[in-house]
Amino acid sequence: MVRRFGDLTAVDGVSFHIAPGETYGLLGPNGAGKTTTISVVAGLLAADAGEVRIAGRRMGPRAIAPKRRLGLVPQDLAIYPELSARENLMFFGHLHGMRGAELKRRTDEVLDLIGLTDRAKGQTKEFSGGMKRRLNIGIGLLHHPDLLILDEPTVGVDPQSRNAILEAVEALSTEGMAVLYTTHYMEEAERLCDRIGIIDAGTIQAEGTRDELIRIIGELDEIRLVGTGDLAAALMALQEIGAVERAVLEGRQILLHVRDAPTAVATVVTTAGRSGVELADVEITRPDLESVFLHLTGKGLRD
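This is how it looks when you write it as structure tokens:
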């Protein structure tokens, strides 16, 4: 898709697909084009080129059918403070054409999912920020959308509420929803997202699973061995392991740079032991998404 504002091309050829039950993270620094991309996907803005399809139906500002299959949870809260949590859900359910026993059942399911069953009758103006955020998510997923857009849903909430929100999002895959998730917290993307697209300057710079993205920058895992015995002999033996790219002896430690450390570590430990080393500690360090993000954009996620 392409979206321009005068001479500025805010979104330039962005393309991705989200499968049912998949959580797709869209990460980028401020001004990268995330908000414009979400607005086009949600049908709030028209694309200047390309198209968005939800459940096979083409999305646009005047498209009604695909919007019925969309759930949008914006950064700004979209709830009625004078209504209770249950009343909010029932009201929005009516807007989606839900009625009677179906609406009551689904409201109860959502209240349980977002952890607000015991506060269902309380006015939402009395809720904490985290509770309001959770209700906001509940409204978005109430009508079983094919695609749920979560735009930074944990902004400004306490750690306990944040964890409750993340647990609710994790449960959505069991409902078969496709989820488009944006965040300024890299650990959330690591925890929740099956695949991630990194956007900068209006284009997708890279896309894939966590491990696929890390392989893009060619960083290796590290295994650090601490022990006593014939470390020099162990170093030579460890260098013969296929997964080991580099091995360095540092005092009582051997530092290994390896491919796929969780798979290689058993062979590494066995080889060290057979070489006469008694290990006191084994430490694995793996590169993370922050390293990939900095490599591709030159900025931190919150910049």
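Following numbering that gives the first Met the number 0, the numbering of the sequence shown begins with 0 at its first residue and continues without gaps. We put the beta carbon where it would ideally sit given N, CA and C, even for glycine.
Alpha carbon to alpha carbon, how far is residue i from residue j?
{"i": "Thr307", "j": "Thr35", "result": "Outside the displayed range of the chain (0 to 302) lies residue 307, so it cannot be described from this structure."}
{"i": "Gly241", "j": "Leu219", "result": "13 Å"}
{"i": "Lys131", "j": "Leu76", "result": "7 Å"}
{"i": "Gly55", "j": "Gly201", "result": "25 Å"}
{"i": "Arg285", "j": "Asp259", "result": "9 Å"}
{"i": "Asp193", "j": "Glu187", "result": "11 Å"}
{"i": "Gln252", "j": "Glu277", "result": "12 Å"}
{"i": "Gly207", "j": "Thr262", "result": "21 Å"}
{"i": "Ala236", "j": "Ala246", "result": "10 Å"}
{"i": "Val291", "j": "Ile216", "result": "7 Å"}
{"i": "Glu239", "j": "Ala231", "result": "13 Å"}
{"i": "Leu255", "j": "Thr296", "result": "28 Å"}
Among the options, which has the Cα closest to the Cα of residue i?
{"i": "Glu189", "options": "Leu237, Leu212, Thr173, Arg68", "result": "Leu212"}
{"i": "Arg161", "options": "Gly207, Ile63, Gly128", "result": "Gly128"}
{"i": "Asp210", "options": "Thr182, Gln252, Ala236, Leu288", "result": "Leu288"}
{"i": "Leu191", "options": "Arg3, Gly20, Gly5", "result": "Gly20"}
{"i": "Leu140", "options": "Asp280, Ile113, Arg118, Gly155", "result": "Ile113"}
{"i": "Leu44", "options": "Tyr23, Val1, Ile53", "result": "Val1"}
{"i": "Gly226", "options": "Gly272, Thr153, Leu134, Leu115", "result": "Gly272"}
If you check the beta carbons only, do residue i and residue j fall under 9 Å apart?
{"i": "Leu25", "j": "Tyr184", "result": "no"}
{"i": "Gly303", "j": "Asp229", "result": "Residue 303 lies beyond the stretch modelled for the chain, which goes from 0 to 302, so this question has no answer here."}
{"i": "Ser83", "j": "Gln122", "result": "yes"}
{"i": "Arg223", "j": "Asp157", "result": "no"}
{"i": "Ala31", "j": "Lys66", "result": "no"}
{"i": "Asp145", "j": "Arg68", "result": "yes"}
{"i": "Ile283", "j": "Glu221", "result": "yes"}
{"i": "Ala177", "j": "Ala18", "result": "yes"}
Per the DSSP calculation, residue i is bridged to which residue(s)?
{"i": "Asp287", "result": "Asp287 is not bridged to any residue."}
{"i": "Gln252", "result": "Val225, Glu249"}
{"i": "Ser83", "result": "Gln122"}
{"i": "Tyr180", "result": "Gly24, Leu149"}
{"i": "Phe4", "result": "Leu7"}
Check whether the segment 45-63 and the segment 0-16 touch, using three or more Cβ-Cβ pairs below 8 Å as the test. yes
The segment 148-163 / the segment 100-109 touching (three or more Cβ pairs under 8 Å): no
contact_flag[the segment 82-97, the segment 152-166] where n(CB pairs < 8 Å) is 3 or more: no
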